[in-house]
Each structure stands twice: as C-alpha cells, then as structure tokens.
C-alpha cells in the first residue's frame, strides 16, 4: 500500500502549529517521526525558539533516540532549506541544541526544582535518591517512628497487640501507601468484633471433631479438615492461648474451606456431619475475619500517617528527594505560586509529551499547569491550554503501567480537556512495522476484545492497517503456532525453550536471519532465564532486558554466604554453606566425617586427629583461607575486603571455567558498586555491607545493563519491557504462566473532580510466594471488583502490545491440552483460525562452535603481572584507618577456645532480642518466648532454656541497676571519626553497636551481652580480656561523641554468671 489513509492527520501534525493535539498513534505508526517533524517545523517556522521547547519521554533511552533524530532532522534541513531566514533559524537551533530539554519527566522536574529551590522549599544542593537509597531511608524513618512510639505512646502498641498485629509487619504497608501521598487514604472507625465468641466456636468445633479423628494416618494421607484439626490441636498444646495473636492464627485456619474426604474417616456418617458443621464454621469464620480485618484497618491507617510524616521529615532534614517527591513538589509549586508558574510558562512555551497513555496523574497536572492560559487558576482540570503549546502523543491501547500509577481515567480526562478547548484528537492507524500477513489476522481478535467506543476501563478498537502489502512469496511470514506436549510447568517450558532455540539456530544457520532479528517475549519475568540458557547452550548470543534476580547464580550466592560468615564467624550455617560451595567444594561425605570426628563448624576449629592426612590437608587449606579473609575484614573497609576476597578466590577464573558469560561478571560489579555507594554514605560496618550484598543477590531484582555485544543478540524479556521495541521475528512463549488479574489486587484508587481516595489492603509475608491478609477497608470486595475490571482490561492491552512487536513473523506457543489452561496467549490461539504449526528442526548432535582461545606467551603474562602489581602497590597507600571493636592489636584469637554446643550466632541473636524485649517492654513471658523462637526459626523445645536465661538475667545486679535508671537504651549503633594515628592515614573511623547503655548517678554505664559457652571455665579471664578491648573502644567512642563521662563498662556472660 502506498497511499496513507491517515495522511490528513499527519499533515495537521506537521503544519497546524497553532492548535493543541492529542495524537493516538497505533503500534508502528511512526509516532517518533511525528514528534520530530513537528519539533523541526516549530523551529523552522519561528513559532518557538529551541530553548522554549520541552519534550518529555517515558524512558532515558527514548529521550536519547528522540534527541538524536531531532538533531539529524535539523542538520538535514540545514542543507535543503534555501530561504535565508529559515536557514538562520535552523543554524541558531543547532548552535543552541543543548538548550532544548529532551528527557524524562523526573529529570525535567529536577531541572525546574534546581532552578527555583527556594520557592519549592528546598536546599540548593538537594540530592536525588534512587530506589535502593529510598528504601533504606524509609527503613530508618520507620525505626525512628517506632522508637518514639515505644518510649512516648506505648498505649498505641497495646492496641495493636490486642488486635493480634505485630507493628514490625507494617513496614511493607508503609511502603505501599508512601507511593500515594497525593491521595486521601480511606479509613473509617470500626468497632472491635467479639474475638472471644469466635474463638469459642473454634474450640467447640475442635473438641467435637477430634473424637471422630482416625487413630492412625489414612493410607492416602489426611484430608484437608484432618490436617487443620491436627494443626489446631498442636497449637492448642504449645501456644499461649491468652495471646490474641495466637487465637487469631487458630481462627484463620478455618478461613479457607476444609475439604472432607469421606473414605478417610472411620465413620462416613460422622464425616458427613463434620462436613456440614465445618462448612457452617467456615462461613462464620469468614464473616468474623472480614469484620476483624476492617477493625485492624481502622487502627493501621491512622498509625501510618505520622510514620509517613517522620519519613518526609527525615528526607527534608537530609535534603533528599525520591522520584515521586520531585513530581509532587513541582506540581505543588506550580499550583500554589502563580508567579513561579508564569515564569516557567514563559520560559517553556511548548510542551510535547510522548507515551502519554502511561502518565502519572501528577504528571498530567504539571503539564496542564505549565501550558495553561489562566494565570490565577490553580486547579489544573479547569485550565485552558494556550493554542499550540501542547502536543501529546499516546496510544490508550498500549496503556499497561497501572501498577506504576498510570491511570487511563486521567488519559481520558486530558483528551476531553483538549477537545473542549479548541484542540483535537488525531488517529494514526497506518502501521509501518508489521506485514499485512499479521495485521489482517490480528484485527478480528482485538475488534472482539475492545469496544467500538472507549469507556472508563478500555480504549476503543482501532484497526491495524499495514503499509506492507501481503507479499506473494515463499518466505516464512505471518502468524504460526508452536505446540508443546502438556505436562508440569517446568518440563513444558524447558521443552519449549529448546524448540524455540532450535528454530532460531536453524534460521541463523541458513542465513535467513541474524540473532538481533529475534525477540522472545514472556508475560512475566518467570522463565526468562530458561529461554536464555537454552539459547546460550546452542552458542547463540542473547541479552535479557528488564529485571533479573541473581539468586540462581551459584557463585554470587556462595560469595554472599562467605561474606555473611565473615560478618558472623560463629555461624555454622554459613560456614557449612561456604565449604560446600563452588569455591571450596568440600563434599557432604567429608563434612560428615569431620563432624563425627569431633570437628566444629567454624574456621578456628582444630582439625580432629581421627581424620586421614588427606582429609586434614583439604580442610586445612580451606580453614586457612577463610581465616585470612576474616583477618582482612578487621583491617580494611568492607568493599575493599569483598573485592580482595573475590580476587583471591579466583571468581572470574572460576566463572570462565564454568563457561559463564560477560554479563555474569557484570552482575558481580553491579552488586559491588551498589555496596560501594552505600559504604561511601556511611555504611562502614562489614556486617551491614555483607547483609546488603546478600540481599542484593538473593532477594532483590535488578535492571539489566546493556552491553556492547547485546546489539547483535537475541532479546529475551517480558512484555512490559518490550514496549516501543520491534523485531522481524517474535516468539510469544511460556504457555504455562496463567494470568489472574484479580488474584493479587491490594489497592484501588478512586478519582473524582475534587479528590482522589485510596483504598489499601495490608498484608504480610507468609512464606515463599504467599501473602497473608492483615487488614482491609470496609466494602473492599466492591473496590476489588472495580480494580479487577481495570486490570482485566489492561491484560487485553498487554496482549495487544505483545502481538504488535513483530515485523514479519510471530510464533505463539501453546500446549496440546484441549483447554490450554494457563496460557496467557490463549485469546490469540483461539481467536485466530487455522494457525499453521511452525516446523521445528531436528535436534543436531553437533556441539555449538566455541570461540578458539588465544595463547599468551609466559613472558608477556609475567610482564602483565609485574605491571599490575606495580600499579596496585602505588595505589595502595592508605588514606584512612578503620577500627572496629573486634579489632585486636595482637594476633591472639579467642576463637580457638573450645566451646560447648548449643550456642552459635542464631541463638546469640535470639538471646539479645529476648533481653532487649524485656528491657524495653517487660512482657517476655512464655508466650512471647515461644513466638520469638518461631520468628527466629529455632527449636521450640528451647523455650525453657530461654526462660531460665531470662530469669537469671532479671535476678542479676545489672538488671537491678538498669531498672533504677530513667534513661536506658539498647542496640545503639555508632560511627565516628578520630584523628588518624597511622602516619599514612588522614583519619580513623571507629564503629560498632552497643548492646546496653544506661545512666547511673549522672554517668553512663555500658554493658555487653555474651553467649559464649566455654567448656573450660578457667579460660574465662582470657575471654574477658579479649572482650574488654571492645568495651574500652565503646567507652572511648561514647565519651568522644557525647562529651559525657562513662563511669563503668561491664560484661554480662549469659552462661557464666558466676
């Protein structure tokens, strides 16, 4: 097709510069070209000078592309335009090109705020926080808030305790609501439901049902009701039933309907009776829990509001802003200060916005306030954009970021405002990307799925009209299906990944395509690694775009274990993990022999005599290495130690042997750089840095970096990351990852003309991939249904985005199941009749060709090592000295003292937490101890031991003294700078954590808890002498930091109280 059916609309975009437009640009319709042409014409016609133009993009990458194409367009015009006036305008624009703002909305807001910080109420040198820093600051604010509550408003905590809520579990709730500071959080007072009656119903049912329980486990196992009854009876035996939290956990057991299998009961009649009673109990329990969740919600929301104020206050005190702050402060300044708004409106006279369908409501407010013609109108929805000042491009059919605050309601509102103020909506439907063999088969699917006229939830259907006519050739073009035998999810996607990789390999081998021509799309991140590995196994270059979790990287995980052990040398768990990991490779059999021979799981253990000389030799090397790393951790800053350790272990040599990719090496440097950034901001305790590295590797997701070689690689990513991208050949994979829009709904934002109201549920982690409800607002089911409707509509738009990435061929995966249940691409499979199966080449037995290694002469390698060592030596002059309380002047290590079993870091951490609980709250009874043992994942039968230790502590002289003090603090972290003592060091940093400190007779007393269990008590003086050095450093630090006297330091040995 050569004639453009939307040519009139394109002419208006290019030539009508006096009107405002919202351009609905369908997939592949050339929206970037429209933006570039309009911007060029604004300059050439003299409508605006280049410094008066602002172009907002969704990503930095899109901004770079727009900048490059805009500059290229101006350069081309400079050589083709003949009129002197226009040539002069173009020349000035190119000369001042850097004065045109092209970037994301966050970078634009940062620019505005830095230009007028006083008006925004900011310091001149405010700093922008990334997500990791923002999370850390939120944690700090949360702890500050809780500390204040515990010391000044303890009655609030009692309300939560009576509601069965641990306030520590509300941290994730604060993180949820902090993203919505601009909305009103819905909350309404709710009376406390009758917990005693609900609990009694549960007890009565258990008592009634247990008489019918089978005496032995049925051959096919217990049914769901029997499992619940057994769990309930165990809890009744071991847990404190006076605790509301315990009672609620018991009631929640019956919140899910328990299935009854009649043939697993001794009496079917009794089973039928119990089935009926259990159903009634389930209904009653659900009704009670609904009211209880609403009651809990009425407590939580008022509790979180001041916590958010603490967080905001801390950011203000530190002069730091997150991305959302920059938007909110810019909008507030423009809204409340007409003079400031006038200044920026005159400076930035034309605003062009790309990807507007995914805009944030606050972004829309900034946009309309900047372009508005009503000087003293502060309400953005009543503003009238100046003619020709606003050009908005978006496609509501591709609005897929609701989870990032994108709101299709706002898009529709702005669209209406433009139309009502003299502007117009233009539709670009000509698709330059995709062959008609694809578009003609997709159109019926989306015509059925989308309404003819847009509504509150969904964009209107617009057909895809391909510029590329249906070619009559033998090329593999169009839409195909790839059918995989159904089975377990993991087996299916491994099978499918192999077939996809085989198809791609064959097309590359025959010269039909190159790696960069392929894109593999999943609905979620799940499975991305499987497809990546399948391609790599065939020697095909591959890049993953989007977020990656590094927990599957064995080497990084083992490195994290080593760092954690170095931070906690008494941890048998981490010590075992390090030994068995890829760097040391100690077998389970050898560890068992070592333990049976009497060996202990720490690096300072002596090697038992019964071991063979060979086994002793293997372990000696491992122990010596780890002791060296422990020594380093006491002598250098954390990141330095981490890098030294990784190099000494031969991390990258090991990675090369394991045929790891360059990207795997980049992952390590990404993590180390993040730890280094935090270290530079004050995270100087090795333990803190080790925990950060572990969390980065095992718990957090990271944005993949783009490497140079990625330009020639197959791209594997989820649908969200494919937005704005295209490829000749696209595979829609992972047919076993179902979508259920309503399953994880936890919030709903209701917007009106006057205000926006947020309805939030609050949940806590209940194991891997599970969340447990804590609270929800009244009438939540109604709000959840509304939100689910929005998300269901968005799923259709996600399918539209996925289906419109291909230029020539799209392959849709499915299973051979008749229902194909769980396939996110099912609407395409079922909606497109007569899909042809793509042929899968037979598996080749040939190994993929590997790059031949280049040999290096020994003399050249030695010269390289000498140069490297010379450089390292010159760069190794210390500029600081780091002291920690565990650092010693002499190399005599008390870790070689023999200790009895039953201690360890986990138990020590528990005892510290128990003592802290008793000192702060005074409520550490048997029930609390039982709960704390469970929280710390320790054996429940150690409750008596813990209670004994607590009772002894409470009878001690130290307890008597601290109870008389009016100023007691526990777990106090510190770090301060001293003048450097070393002639090379300009400063000395001392840091640590004080277990207990209190005022007595006007001076401070510092105490340290120790849980060492020496086998030989006569060695206690040696241990005390070692720990006293730490206390002396604590005392020195506290005196220097506070200027107040420390009268005494004391050690409290939990197991050596004599």
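In the working numbering, the protein residues as written are 314 to 1371.
Glycine is no exception: its CB is placed at the ideal position from the N, C-alpha and C atoms.
Model, not experiment: these values are computed from the prediction.
Under a Cβ-count criterion, where at least 16 other Cβ atoms within 10 Å of its own Cβ denotes burial, should residue i be classed as buried or exposed?
| i | result |
| --- | --- |
| residue 1354 | exposed |
| residue 599 | exposed |
| residue 1297 | At residue 1297 the pLDDT is 43, less than 50, meaning the model places this residue with poor confidence; the figure from the coordinates comes in the next sentence. Per the 10 Å Cβ criterion, exposed. |
| residue 1367 | buried |
| residue 874 | buried |
| residue 1218 | buried |
| residue 710 | buried |
| residue 1178 | exposed |
| residue 685 | buried |
| residue 779 | buried |
| residue 768 | exposed |
| residue 1352 | exposed |
| residue 611 | buried |
| residue 689 | exposed |
| residue 1359 | buried |
Ends of the alpha helix (DSSP H) at residue i?
| i | result |
| --- | --- |
| residue 659 | 651-660 |
| residue 822 | 802-822 |
| residue 762 | 749-762 |
| residue 569 | Per DSSP, residue 569 belongs to no alpha helix (DSSP H) and is neither H nor E. |
| residue 1108 | 1093-1116 |
Taking DSSP's pairing of strands, which residues face residue i in a bridge?
| i | result |
| --- | --- |
| residue 1045 | 834, 1125 |
| residue 1225 | Bridge partners of residue 1225: none, in fact. |
| residue 907 | Its beta-bridge partners do not exist; DSSP assigns none. |
| residue 584 | Answer is none; residue 584 lacks a bridge partner. |
| residue 663 | 366 |
| residue 274 | The requested residue 274 is not part of the displayed model; the chain covers only 314 to 1371. |
| residue 778 | 743 |
| residue 1033 | Partner(s): none; residue 1033 has no beta bridge. |
| residue 1061 | 1072 |
| residue 338 | 741 |
| residue 1150 | 794 |
What residue from the options has the CA that sits closest to residue i's CA?
| i | options | result |
| --- | --- | --- |
| residue 844 | 570, 1030, 917 | 1030 |
| residue 413 | 1113, 384, 984 | 384 |
| residue 625 | 514, 458, 587 | 458 |
| residue 448 | 1099, 348, 636 | 636 |
| residue 708 | 417, 850, 461, 1107 | 1107 |
| residue 738 | 323, 1240, 317, 1343 | 323 |
| residue 302 | 644, 1357, 1244, 1365 | What the structure shows of the chain is the stretch from 314 to 1371, and residue 302 is not part of that stretch, so it cannot be assessed. |
| residue 673 | 631, 717, 698, 662 | 717 |
| residue 339 | 662, 347, 332 | 347 |
| residue 333 | 606, 734, 774 | 734 |
| residue 425 | 683, 331, 573, 601 | 683 |
| residue 946 | 994, 365, 878 | 878 |
| residue 524 | 1324, 610, 1049, 583 | 583 |
| residue 415 | 395, 389, 366, 386 | 366 |
| residue 693 | 1067, 1048, 1349, 842 | 1067 |
| residue 1324 | 615, 997, 1333 | 1333 |
| residue 871 | 1011, 640, 659 | 1011 |
| residue 431 | 752, 392, 420, 642 | 642 |
| residue 650 | 1112, 1306, 679, 478 | 679 |
At what residues does the beta strand (DSSP E) containing residue i begin and finish?
| i | result |
| --- | --- |
| residue 1145 | No beta strand (DSSP E) contains residue 1145, which DSSP labels as neither H nor E. |
| residue 508 | Segment 508-523 is the alpha helix (DSSP H) holding residue 508; no beta strand (DSSP E) there. |
| residue 1077 | 1075-1078 |
| residue 1085 | 1084-1088 |
What do you reckon, are the CB atoms on residue i and residue j nearer than 9 Å?
| i | j | result |
| --- | --- | --- |
| residue 1070 | residue 499 | yes |
| residue 1037 | residue 375 | yes |
| residue 758 | residue 1135 | no |
| residue 792 | residue 746 | no |
| residue 881 | residue 862 | no |
| residue 336 | residue 344 | yes |
| residue 1417 | residue 609 | Residue 1417 lies beyond the residue range present for the chain, which begins at 314 and ends at 1371; the question has no answer from this structure. |
Taking CB distances under 9 Å as the criterion, tell me whether residue i reaches chain C.
| i | result |
| --- | --- |
| residue 798 | Absent here is chain C; the protein component of the structure consists of one chain. |
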